[in-house]
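Chemist: What follows is a single structure, and I will ask about it in a moment.
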Amino acid sequence: MSAIETTGLTKAYGDLTAVDDLDLVVEEGEVFGFLGPNGAGKSTTINMLLDFTRPTAGSATVLGYDAQAEADAISPRVGVLPEGFDIYPRLSGRRHIEFAIKTKGATDDPDEILERAGLSADDAARPAGDYSKGMRQRLATGIALVGDPDLLIMDEPSSGLDPNGISEMQDLVRTEAERGTTVFFSSHILEHVEAVCDRVGVLNEGELVAVDTIEGLREQFGGGATMTLTLAGPAAEVRSVAAELQGVTDVTASGRTLECTIADPAAKARLVTALADAGATIRDLRIDEVSLESLFTALTNGDVDDSKTQDGPADAIATEPEVAR
Amino acid sequence: MTSHVPTVARKEFEDAGRSKLLWSLIGLLVGIVVIGYVAIWQTVDDTTAAEVLSFLGVPLQVILPVAALIAGYMAVVGERRSGSIKILLGLPPNRTDVVFGKLLGRMGVVGLAVGLAFLVSLVLGAALFGSVPFIDWLGFAAVSLLFGLMFVGLAVGVSASVSTRGKSMAIVVGLYMVFVALWELLTAGPYYLIYDEPVPVEAETWYLVLEQFNPLFAYSNLSTSILENSVYPFRFQYGLQEMQAAGMTPAERYPGDAPFYLQDWFGVVVMLCWLIVPVAIGYFRFKRTDL
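Chains as they are written, first to last, in our numbering: chain A, 1 to 325; chain B, 326 to 616.
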């Protein structure tokens with residue numbers, strides 16, 4: 001059984017199609033990052049999974065239950081951190097957690113949940129209306145953790161958090177994943193996803209443009225890495241040596257600089273050895289992994305339809321200057 | 326599937342109980358009772374606690390609906406706009422639990438306010454006028470409670486059926502204005518146009534039925550039938566019906582024996598309708614809407 005499965009899921013608001021014929025499978029136990037720029041339809045998709053919004057066409061199941069017809073069976077097993085939520089300003093943080101425990105019929109200790117979410121006992125005693133945005137986010141995260149859910153659905157969990165909070169959020173996701181929880185979370189910021197996700201899906205203008213592991217996306221679109229070698233002599237002399245190597249897909253020589261595109265990670269070491277064997281002296285060496293940021297930009301740049309039919313967005317990535325990590 | 330209505334209701338009650346606005350309304354309600362009782366005790370000789378009770382009838386027709394509408398008009402739509410409903414619905418409570426939990430929670434608050442006000446009236450009646458008109462008091466308190474709860478239902482129903490706070494407030498205020506200020510224009514006006522005469526005491530039955538369905542009249546008629554003195558309906562008058570008709574109940578105006586739906590007790594049914602129908606409409610609209 002998949003944790004989440006959507007079939008032709010579509011949501012249209014008049015002429016605007018927010019989510020277009022989405023087929024997505026999230027397996028049990030994986031951490032799935034749902035990526036896309038603002039307005040791509042991520043929240044609309046999540047809202048349909050949670051039955052906040054009803055699809056125009058298609059259907060979705062969550063933990064094997066129909067998201068609409070069997071919503072009552074889903075909510076006790078799922079932890080939700082929604083987008084655009086608010087807390088109850090007059091109730092204390094602790095009272096929020098107690099309420100969540102009561103509705104979920106859980107046996108959690110409120111203090112333990114608050115601690116995991118990163119709220120101190122003093123904060124928890126205050127009315128949540130006094131909280132900063134980051135604290136509200138922590139409180140909502142705590143509410144999501146109540147009842148040890150099988151699936152965590154988090155919409156932009158890092159919004160409103162400072163860098164420290166973001167890293168705590170990532171730790172939390174990892175910890176939950178280790179406990180066997182499936183985590184599905186959305187973000188428009190790639191690096192927040194990259195660090196913790198097993199797989200990512202990229203949504204753009206309501207359509208899913210890529211689903212893969214981070215590695216897979218790199219291989220598929222990025223060709224892995226670019227190696228820039230500064231040699232003692234003219235690079236053109238050894239160009240053919242590099243070009244003949246397996247796993248090296250493209251070589252350009254200019255002056256003393258040799259730029260090689262690497263598809264197979266193991267080819268990096270082979271390249272260095274081969275160049276040394278050919279008598280070249282390597283003065284410097286730089287490796288640039290294709291950043292997911294540029295991949296992301298390429299995927300969501302609007303020319304998605306073109307790039308899908310042509311050689312793939314790899315071209316777009318390759319032309320980006322200084323693809324540095 | 327277990328119901329989460331009580332849990333949501335309790336949270337609502339607790340949350341609303343921390344609202345200053347609501348406490349000031351409760352203060353106002355109790356304050357009106359205290360001021361009224363003391364004022365009558367100071368100025369009027371030879372009156373009984375039972376007679377003083379009916380004095381409460383008119384101010385309650387303003388304060389109870391206003392307090393109840395304020396307590397309820399934001400109930401669902403307020404959470405929709407702020408986004409806290411996403412936290413709530415992300416948890417096991419579903420939309421049914423939210424609407425009915427909120428209804429019960431807000432009813433609890435208004436019920437508490439009415440209860441407090443009437444307890445004070447009982448104590449003051451005994452202390453200042455030396456008697457405890459228990460049966461009158463109990464009946465009047467029950468009718469007033471229903472009256473208050475009816476407006477909570479109306480407001481929560483409206484708050485569940487619309488998508489913005491502004492719409493909710495406009496509908497709620499609009500309805501109260503219709504009951505108080507526009508009723509005669511809307512009912513006696515067409516009557517005048519159809520029959521070319523002001524509405525007489527013995528009006529056509531359809532007109533009396535309409536009169537019966539104004540919840541404020543239902544309340545005042547019921548109160549009058551319970552208390553020693555008459556409770557007049559709080560309404561704007563435009564002279565579109567004969568003067569002496571204003572203080573009479575539909576049952577009194579009906580020639581001969583009034584049918585059951587024009588009798589005073591039917592006011593209970595009227596108030597229940599005004600409670601149930603808006604809640605039902607709000608519930609079904611809220612069930613189907615996109616948040």
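Cβ atoms here follow ideal geometry from the backbone N, Cα and C, with glycine treated the same way.
1. CA-CA distance, L533(B) and N539(B)?
2. Run through DSSP, which three-state label would R95(A) get?
3. Mind pulling the chain B residues with CB within less than 9 Å of L91(A)?
4. Check each residue of the stretch 403 to 414 of chain B: if its Cβ is closer than 7 Å to any Cβ of chain A, include it; give the result in chain order.
5. Return the CA-CA distance between S488(B) and R405(B), expressed in angstroms with no decimal places.
6. Rounding to the nearest angstrom, what Cα-Cα distance links S328(B) and D72(A) in this structure?
7. Please name the residue in P575(B), P384(B), R613(B) and L500(B) whose C-alpha comes closest to that of L354(B).
8. Could I get the ranges of all uninterrupted alpha helix (DSSP H) runs contained in the stretch 17 to 62 of chain A, with 4 residues as the minimum, in chain order?
9. Residues in the same chain with beta-carbon distance under 6 Å from A67(A), minus the five sequence neighbours each way, listed in chain order, please.
10. Taking a cut of 9 Å between CB atoms, which residues from the stretch 165 to 176 of chain A lie near chain B?
11. Count the CB pairs spanning the stretch 95 to 102 of chain A and the stretch 156 to 176 of chain A that are closer than 8 Å, and state whether there are at least three.
12. Once you ignore the five residues that flank N546(B) on each side, which residues in its own chain have a CB closer than 7 Å to its CB?
13. Do the CB positions of M481(B) and P418(B) come within less than 8 Å of each other?
14. Let me know the secondary structure DSSP gives T249(A) once reduced to three states.
15. Where P55(A) and F380(B) are concerned, what is the direct C-alpha to C-alpha distance, given to the nearest angstrom?
16. Please report the residue range of the beta strand (DSSP E) in which G436(B) lies.
17. Less than 8 Å between C-beta atoms, sequence neighbours within five positions excluded: which residues of the same chain meet that for L565(B)?
18. Give the residues of chain A in contact with T489(B), contact being defined as C-beta atoms less than 7 Å apart.
19. Just how far apart, CA to CA, sit T10(A) and I4(A)?
20. For chain B, find out if any of its Cβ atoms is closer than 8 Å to the Cβ of G218(A); answer yes or no.
21. Whole angstroms are fine: how far does the CA of E112(A) sit from the CA of E536(B)?
22. Is the stretch 175 to 182 of chain A touching the stretch 14 to 25 of chain A in the sense that three or more CB pairs, one from each, lie closer than 8 Å?
23. Would the beta-carbon of D171(A) be found less than 7 Å away from any heavy atom of the ligand SAM?
24. Quick one: grab the DSSP three-state call for D303(A).
25. Verify the CB distance criterion: does L50(A) have a CB-CB separation below 8 Å to chain B?
26. Indicate the three-state DSSP secondary structure (helix, strand or coil) for D585(B) in the structure shown.
27. Roughly how many whole angstroms lie between the Cα atoms of P265(A) and G247(A)?
28. Closest Cβ-Cβ distance between T6(A) and chain B: below 8 Å?
29. Are the C-beta atoms of L416(B) and some chain A residue less than 8 Å apart?
30. Using a Cβ-Cβ distance cut-off of 8 Å, determine whether R116(A) contacts chain B.
31. Do you know how far the Cα of G79(A) is from the Cα of L413(B)?
32. To which residues of the same chain is A375(B) closer than 6 Å at the C-beta, ignoring the five residues directly before and after it?
33. Looking at chain B, is there any beta carbon in it that lies within less than 8 Å of the beta carbon of R113(A)?
34. Compute the Euclidean distance between the alpha carbons of E205(A) and P82(A), then round it to the nearest angstrom.
35. Flag V424(B) as yes if its beta-carbon sits less than 8 Å from any beta-carbon of chain A, otherwise no.
36. Check for me: the beta strand (DSSP E) holding M636(B) runs from which residue to which?
Modeler: Judging by the given coordinates:
1. 10 Å
2. helix
3. Chain order gives the chain B residues near L91(A) as K336, E339, D340 and R343, where near means a beta carbon separation below 9 Å.
4. Under the 7 Å Cβ criterion, the stretch 403 to 414 of chain B contributes S407, G408, S409, K411, I412 and L414.
5. 7 Å
6. Put simply, the backbone Cα of S328(B) is about 10 Å away from that of D72(A).
7. P384(B)
8. 42 to 49
9. L49, D51 and A60
10. Per Cβ criterion, the list is empty.
11. no
12. T574, D589 and G592
13. The identity of residue 481(B) in the sequence shown is Val, whereas the question assumes Met. Contact flag unset, no.
14. Three-state result, T249(A): strand.
15. 56 Å
16. No beta strand (DSSP E) contains G436(B), which is instead part of the alpha helix (DSSP H) from R420 to F454.
17. E509, L510, A513, G514, Y516, Y517, P523 and V524
18. Result: empty, since nearest Cβ-Cβ is about 15 Å, beyond 7 Å.
19. For T10(A) and I4(A), the distance between alpha carbons rounds to 15 Å.
20. Checking the sequence shown, residue 218(A) turns out to be Arg, not Gly. Cβ-Cβ to chain B under 8 Å: no for R218(A).
21. C-alpha separation (whole angstroms): 60 Å.
22. No, they do not touch.
23. Among the components modelled here there is no ligand, and therefore nothing to report on the ligand SAM.
24. Residue confidence is low: D303(A) scores 46 on pLDDT, short of 50, so the model does not pin down where it sits. No coordinate-derived value is stated.
25. True, the Cβ-Cβ gap to chain B drops below 8 Å.
26. One point to set straight first is that residue 585(B) is Phe, not Asp, in the sequence displayed. Helix, per DSSP.
27. Going by the C-alpha atoms only, they are around 8 Å apart.
28. no
29. yes
30. no
31. 12 Å
32. P458, D461 and E553
33. In the sequence as displayed, the identity of residue 113(A) is Ile instead of Arg. By this cut-off, I113(A) is not an interface position.
34. Their Cα atoms are separated by approximately 20 Å.
35. no
36. Outside the displayed span of chain B (326 to 616) sits residue 636(B), for which this structure offers no information.
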